[in-house]
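Chemist: Sharing a structure with you now.
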Amino acid sequence: MKPTICMLALLLPMAPQYGRAQTFTPEERAKVVAYWSVSGQVTTTLADDPKKKGVWQVRLTPEASLWFWKYQQVIGGNGKPPPTMDVTGKLGDGSGWEKWVTGKLDYDRWLAQKTADIANQKLNPAWKPFASLTSPPLPGLVPDSLLRAVGNPPQFAASVAPQQTTVTFGDGDVYAYTSHVAIRPRYAYYRFDAGAEVGGQSLRDVPDAELDSLFTVAGFSKNEQKVAKFVSRLEGGFDAVNTYDTGFVSIGFLQFITAVDGRGSLSTVLRQEKTDAPPVFEKDFRSFGVDVDKSGTLCVVDPQTGAELTGAEAVQKVISEKRLTAVFQKAGRRSPEFRTAQIKVARSTYWPLEDKCTVQLDPGTTLNFRVGDIVRSEAGMATLFDRKVNRGSVLPFADVVKAVMVRHRLKSLTEACCYEREIIAALKYRTDFLAEVSLTQPVDSVPLTQTVPGEGGAQTVPPTEPLPNP
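Taking my numbering, the leading residue of the sequence shown gets -3, the next gets one more, and so forth.
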């Protein structure tokens, strides 16, 4: 016989997390546990088709990914390149770093594939090995300078058995997640092999009338909607899920994150819906054991033990416990209120129009301005929106504006506006919005050289300073 909710409430831990004030009462936590023990179901099986890919497959390890991130910082400098790009060293450099790293990666992946082939042949004698018969050469000793700069390299690849976890809600909604996400061999942001990735329903597949209504309610103008839709295509749908990388838990059409401590932009989205539509938030999240506390920190109820977890512990539980992961995806797929909250937070957090900038041209000339004072085109706004979504700010926008003004000997913002295309071209991040013909573009109103006074009359000269590398 199933235990009653009252009995469960008595059995649950009374003061988890060192006596912290509780967001859920014992009775509410008991209801969450009862729901998942009776109505909600979770099953785990082998992922993919073992006959085609094998039970055992080769994957980048989280430890190797972190090492590649450190290596990237050393050879590429600080900053965050687009996640679609791997930063590599030069094969011909005097240190020999890149040659050694490439050699180790090739060897480790070959060894991992050989290990996977042996395991798959034990399960299926007819299995045809993927690994070549000839081993790549051993990389040799790690260069001393590389060891000092980045640390001892871990195993770059491993043989793993990806699993698929399927969550079924009481209303019949089904969500599936596969562990050990298959990513690029030297991707620098992979952190959790238990994490998963689901792209969700692309915004381009959402009916225009439905999408326009959501963006309008959230305060976006028609032109702003157009820009936001373009950038969101690089992310995912309202129900997109990513729990394997440096965002920790990333949800939604702009991948709102919990960050490590549960106080990231995703918690802001939850608080937005909780404020705008309390009854709906109760249905979407609290009834399944997900909430934000008064400080804006994520807190969850463990579906198995009923313990209330907050902050970093809550984040890790959402990554490992797919029933909690599915709560977010279900809300993104089914709840207009959660979708509207995402759009509202996207506008208040990431829309760059009003971002303040300062440029010091010389000791006597300081220019204070908004992004919108320089950037007038949809392509330009999309470029900065994309940067802010991924990097948290429009940097190095002000540096690029200053460099362009110095380069062309400009004295005013009015003059700088004429160089919007050059400014935006230097700030390209994940994609080139200047090539999107359906977006309004900067006006080409200036030449790339200038005519200036000189001895013997006017002279045409090239720009004086190169632009910074963003």
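All C-beta atoms, glycine included, are put in the ideal place defined by N, C-alpha and C.
Can you tell me whether I253 is helix, strand or coil according to DSSP?
Modeler: Counting from one through the sequence shown, the residue named residue 253 turns up at place 257. If DSSP states are grouped into helix, strand and coil, I253 belongs with the strands.
Chemist: Pull the bridge partners of E193 from the DSSP assignment, please.
Modeler: Counting from 1 along the sequence shown, the entry for residue 193 is found at position 197. Answer by DSSP bridge pairing, in chain order: N238.
Chemist: If you draw a straight line from the alpha carbon of G474 to that of S316, how long is it in whole angstroms?
Modeler: The structure shown does not extend to residue 474, since the chain is modelled only from -3 to 466, so the question has no answer here.
Chemist: Give the straight-line distance between the Cα atoms of W65 and S35, rounded to the nearest whole angstrom.
Modeler: Looking up residue 65 in the sequence shown gives position 69. Looking up residue 35 in the sequence shown gives position 39. Their Cα atoms are separated by approximately 42 Å.
Chemist: Mind checking whether W52 and A115 have CB atoms under 7 Å apart?
Modeler: Counting from 1 along the sequence shown, the entry for residue 52 is found at position 56. Counting from 1 along the sequence shown, the entry for residue 115 is found at position 119. Going by C-beta atoms, W52 is nearer than 7 Å to A115.
Chemist: By Cβ distance, which residues of its chain are closer than 8 Å to L210, with the 5 residues on each side in sequence left out?
Modeler: Translated into the one-based positions of the sequence shown, residue 210 becomes position 214. Cβ neighbours of L210 beyond the five flanking positions: P332, R335, T336 and I339.
Chemist: What are the start and end residues of the alpha helix (DSSP H) that includes C413?
Modeler: Locating residue 413 in the sequence shown gives position 417, where the first residue counts as 1. L409 to C413 is the extent of the alpha helix (DSSP H) around C413.
Chemist: Give the straight-line distance between the Cα atoms of V371 and T161, rounded to the nearest whole angstrom.
Modeler: By 1-based counting over the sequence shown, the position of residue 371 is 375. By 1-based counting over the sequence shown, the position of residue 161 is 165. Going by the C-alpha atoms only, they are around 46 Å apart.
Chemist: Measure the CB-CB distance between Y240 and F324 and report whether it falls below 7 Å.
Modeler: For the purposes of this step, residue 240 is identified with residue 244 of the sequence shown, where counting begins at 1. For the purposes of this step, residue 324 is identified with residue 328 of the sequence shown, where counting begins at 1. Not closer than 7 Å, so no.
Chemist: With distance defined between alpha-carbon atoms, name the residue in G328, L42 and K384 nearest to S344.
Modeler: Locating residue 344 in the sequence shown gives position 348, where the first residue counts as 1. It is K384.
Chemist: Give the DSSP-derived three-state secondary structure of Q221 in the structure shown.
Modeler: Looking up residue 221 in the sequence shown gives position 225. It is helical.
Chemist: Using the Cα positions of D167 and K326, report the straight-line distance between them to the nearest angstrom.
Modeler: The residue labelled residue 167 in the question sits at position 171 within the sequence shown. The residue labelled residue 326 in the question sits at position 330 within the sequence shown. Roughly 11 Å between the two C-alpha positions.
Chemist: Count the other C-beta atoms from every protein chain shown that fall within 10 angstroms of the C-beta of Q251, then say buried if there are 16 or more, exposed otherwise.
Modeler: Translated into the one-based positions of the sequence shown, residue 251 becomes position 255. Label assigned to Q251: buried.
Chemist: Once the 5 residues before and after R490 are set aside, which same chain residues still bring their CB inside 8 Å of it?
Modeler: Given that the chain is displayed from residue -3 to residue 466, the structure contains no residue 490 and the question cannot be resolved.
Chemist: May I ask which residues mark the beginning and end of the beta strand (DSSP E) holding V288?
Modeler: If you number the sequence shown from 1, residue 288 lands on position 292. Start and end: V286 to V288.
Chemist: Look at the alpha carbon of P149 and the alpha carbon of V156, and state the distance between them as a whole number of angstroms.
Modeler: Residue numbering aside, residue 149 sits at position 153 when the sequence shown is read from its first letter. Residue numbering aside, residue 156 sits at position 160 when the sequence shown is read from its first letter. P149 and V156: Cα-Cα distance of roughly 19 Å.
Chemist: Mark L81 as exposed unless 16 or more other C-beta atoms lie within 10 angstroms of its C-beta, in which case mark it buried.
Modeler: As a first step, residue 81 is located in the sequence shown; it is residue number 85 there, counting from the start. Looking at the sequence shown, residue 81 is not Leu but Met. Looking at its Cβ environment, which holds fewer than 16 other Cβ atoms inside 10 Å, M81 is exposed.
Chemist: I want to know whether the stretch 357 to 377 touches the stretch 396 to 415 - three or more CB-CB distances under 8 Å.
Modeler: Result yes; three or more Cβ-Cβ pairs closer than 8 Å.
Chemist: Excluding five sequence neighbours on each side, which residues of the same chain lie with their C-beta closer than 8 Å to the C-beta of F381?
Modeler: Sequence index remark: in the sequence shown, residue 381 carries index 385 (1-based). Cβ neighbours of F381 beyond the five flanking positions: V223, A224, V227, Y346, W347 and P348.
Chemist: Using a Cβ-Cβ cutoff of less than 6 Å, which residues in the same chain neighbour S198 once the five nearest sequence positions on both sides are dropped?
Modeler: As a first step, residue 198 is located in the sequence shown; it is residue number 202 there, counting from the start. Correct list, in chain order: G233.
Chemist: For the candidate residues A412, T254 and V28, whose alpha-carbon lies nearest to that of D280?
Modeler: What you label residue 280 is simply residue 284 of the sequence shown in a count that begins at 1. It is V28.
Chemist: Indicate whether T242 and Y171 have their beta-carbon atoms separated by less than 7 Å.
Modeler: Here residue 242 corresponds to residue number 246 of the sequence shown, with the count starting at 1. Here residue 171 corresponds to residue number 175 of the sequence shown, with the count starting at 1. The answer is no: Cβ separation not under 7 Å.
Chemist: For V296, list the residues DSSP reports as bridge partners.
Modeler: On the sequence shown, residue 296 is found 300 positions in, with the first residue counted as 1. Answer is V286 and L305, bridged to V296.
Chemist: Indicate whether G258 and L230 have their beta-carbon atoms separated by less than 7 Å.
Modeler: As a working mapping, residue 258 is identified with position 262 in the sequence shown. As a working mapping, residue 230 is identified with position 234 in the sequence shown. Cβ atoms of G258 and L230: not closer than 7 Å.
Chemist: Just to confirm, is the Cβ distance from P125 to Y103 under 7 Å?
Modeler: Position 129 of the sequence shown, counted from the start, is the residue given in the question as residue 125. Position 107 of the sequence shown, counted from the start, is the residue given in the question as residue 103. Against a cut-off of 7 Å, the Cβ pair of Y103 and P125 comes out as no contact.
Chemist: Mind reading off the beta-carbon distance from A468 to V256? Whole number of angstroms is fine, and I expect it under 8 Å.
Modeler: Only positions -3 to 466 of the chain appear in this structure, which leaves residue 468 out of reach.
Chemist: Is the beta carbon of T254 closer than 7 Å to that of G248?
Modeler: By one-based count along the sequence shown, residue 248 stands at place 252. By one-based count along the sequence shown, residue 254 stands at place 258. No, these two residues do not count as a Cβ contact at 7 Å.
Chemist: Keeping to the same chain, check which residues put their C-beta closer than 7 Å to that of D272; ignore five residues upstream and five downstream.
Modeler: For this step, residue 272 is matched to residue 276 along the sequence shown. These residues qualify, in order along the chain: E333 and A337.
Chemist: Note the first and the last residue of the continuous beta strand (DSSP E) segment covering L357.
Modeler: Locating residue 357 in the sequence shown gives position 361, counting from the first residue. Its beta strand (DSSP E) spans residues K352 to D358.
Chemist: Kindly indicate the opening and closing residues of the beta strand (DSSP E) around Y173.
Modeler: Against the sequence shown, residue 173 aligns to sequence position 177. Element bounds for Y173: V170 to T174.
Chemist: Cα separation between K424 and A342?
Modeler: If you number the sequence shown from 1, residue 424 lands on position 428. If you number the sequence shown from 1, residue 342 lands on position 346. Whole-angstrom Cα-Cα distance: 20 Å.
Chemist: For P438, is the classification buried or exposed, using 16 other Cβ atoms within 10 angstroms of its Cβ as the cut-off for buried?
Modeler: Within the sequence shown, the letter at position 442 stands for residue 438. When all chains shown are included, P438 counts as buried.
Chemist: Can you tell me which of Q159, V288 and F284 puts its alpha carbon nearest to the alpha carbon of T264?
Modeler: Residue 264 sits at position 268 when you count from the first residue of the sequence shown. The candidate whose alpha carbon is nearest that of T264 is V288.
Chemist: If I follow the unbroken beta strand (DSSP E) through R366, where does it start and stop?
Modeler: As a working mapping, residue 366 is identified with position 370 in the sequence shown. Where R366 is concerned, the enclosing beta strand (DSSP E) stretches over T361 to R366.
Chemist: Quick check: the Cα distance between P58 and T410, rounded to an integer number of angstroms?
Modeler: On the sequence shown, residue 58 is found 62 positions in, with the first residue counted as 1. On the sequence shown, residue 410 is found 414 positions in, with the first residue counted as 1. So the alpha carbons of these two residues sit roughly 49 Å apart.
Chemist: Return the CA-CA distance between R417 and E374, expressed in angstroms with no decimal places.
Modeler: Indexing the sequence shown from 1 puts residue 417 at position 421. Indexing the sequence shown from 1 puts residue 374 at position 378. Rounded to the nearest angstrom, the two C-alpha atoms are 11 Å apart.
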